[in-house]
Structures are given as C-alpha cells and as structure tokens.
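The next block holds one structure in the form of structure tokens; read it before the comments.
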Amino acid sequence: MMLVLSKGIVKTAAWGLMWRVTLGAVLSLGDLVTDLIKETFTGEEGEEEEEGGSNEVAIRLLTTLTVVLGSSLILLVGLFFTLINGEYRHTFFSIETAGQITRRNFLDGTDVMKSEVFTNNESHWAPIRDKVETWVKAGTKLNM
303 MMLVLSKGIV KTAAWGLMWR VTLGAVLSLG DLVTDLIKET FTGEEGEEEE
353 EGGSNEVAIR LLTTLTVVLG SSLILLVGLF FTLINGEYRH TFFSIETAGQ
403 ITRRNFLDGT DVMKSEVFTN NESHWAPIRD KVETWVKAGT KLNM
C-alpha cells in the first residue's frame with residue numbers, strides 16, 4: 303500500500319520531472335563538450351594532430367562553449383538555491399542519512415511525527431523497532 307502511495311506522489315510531483323529533465327540536459331551538454339574536445343585534439347586515426355591550422359577555430363569554439371555553459375550552470379544553481387524555501391537549504395549540505403532523520407524524528411518528535419515512521423522504508427527504523435513496537439502497543443491516539 304505504501305509503495306503504491308509513494309509511487310503516486312512521485313508521479314504527480316512536478317519536482318520529479320524537473321530533476322529528471324534538468325539532469326538529463328546537464329549530462330547531455332557535458333557529453334557534447336567532452337566529445338567536441340576529443341574530436342578537436344585527435345585525428346582520424348586517434349592520433350594527436352599538429353598544433354595550429356583548423357584546430358584554432360575549434361579551440362576558440364570550445365573555450366566559448368565551456369565558458370557559456372559553465373556560467374549558465376553557476377547562474378542556474380545560484381538561482382535554484384535562491385528560490386527554494388530557506389528552511390530546506392540545509393538538506394542539500396547535511397550529512398545526515400534518511401534513516402538517521404527517520405529515527406531522530408521518531409525519538410524526538412510528537413505522536414504525529416512518530417506515526418510518519420511507517421511512511422518510510424522499514425530498514426530506516428529497524429534499529430529502533432523495539433521502541434516503535436512499544437509506542438504502538440501503548441495505543442497512542444493521534445489528533446490529526
């Protein structure tokens with residue numbers, strides 16, 4: 303049941319599609335740049351060509367492309383972190399795992415927060431299973 307609900311949430315979440323498209327675009331552009339660099343500095347047989355000649359135009363093109371794409375990436379990442387809700391920024395830099403967050407929320411949270419342990423993978427809260435079972439057996443009524 304929880305798997306069906308979580309899949310439904312991910313399918314309907316706009317951020318899921320946004321991240322897939324953005325990551326795909328970034329990886330494709332990175333692949334393009336590396337392909338251009340390889341083709342610029344190697345000949346037909348895979349041997350390096352002599353300096354000068356037609357490579358100068360390609361090198362200028364690659365330099366310009368790299369500067370434009372790099373600047374765009376920096377601008378977009380900066381814009382992303384500016385526009386997201388400030389209370390969530392720390393999640394991008396935290397070294398706390400999902401399991402640790404689940405256990406902390408259960409051990410330090412309210413009854414409603416404790417009930418959310420069941421929306422997470424069981425492996426996240428397996429180390430505190432005895433505490434979860436004790437809480438469930440206590441029969442806490444939730445006021446949602």
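If you use my numbering, the sequence shown corresponds to residues 303 to 446, in order. Built from N, CA and C at the ideal position, the CB exists for glycine as well.
Per-residue DSSP class, three states only, for residue i
i	result
Glu435	helix
Glu398	coil
Gly380	helix
Ile386	coil
Gly326	helix
Gly441	coil
Asn422	coil
Thr368	helix
Gly332	helix
Thr412	coil
Contacts around residue i, its chain only, beta-carbon distance under 8 Å, and the 5 residues preceding and following it disregarded
i	result
Leu364	Val335, Leu338, Ile339, Thr342
Leu375	Val328
Gly372	none
Cutoff 6 Å; reference residue i; Cβ partners in own chain excluding five residues on either side
i	result
Asn407	Met415
Neighbour-count burial assignment, residue i, 16 or more Cβ in a 10 Å radius
i	result
Val359	exposed
Arg431	exposed
Sequence-distant residues of its chain with Cβ nearer than 7 Å to residue i (five each side left out)
i	result
Glu404	Sequence inspection shows Thr at residue 404; the Glu mentioned does not correspond to that position. Cβ neighbours of Thr404 beyond the five flanking positions: Val419, Asn422, His426, Trp427.
Given 8 Å as the limit, is there contact between the segment 416-423 and the segment 384-399, that is, 3 or more CB pairs closer than that? Under the three-pair Cβ rule at 8 Å, the segment 416-423 does not count as touching the segment 384-399.
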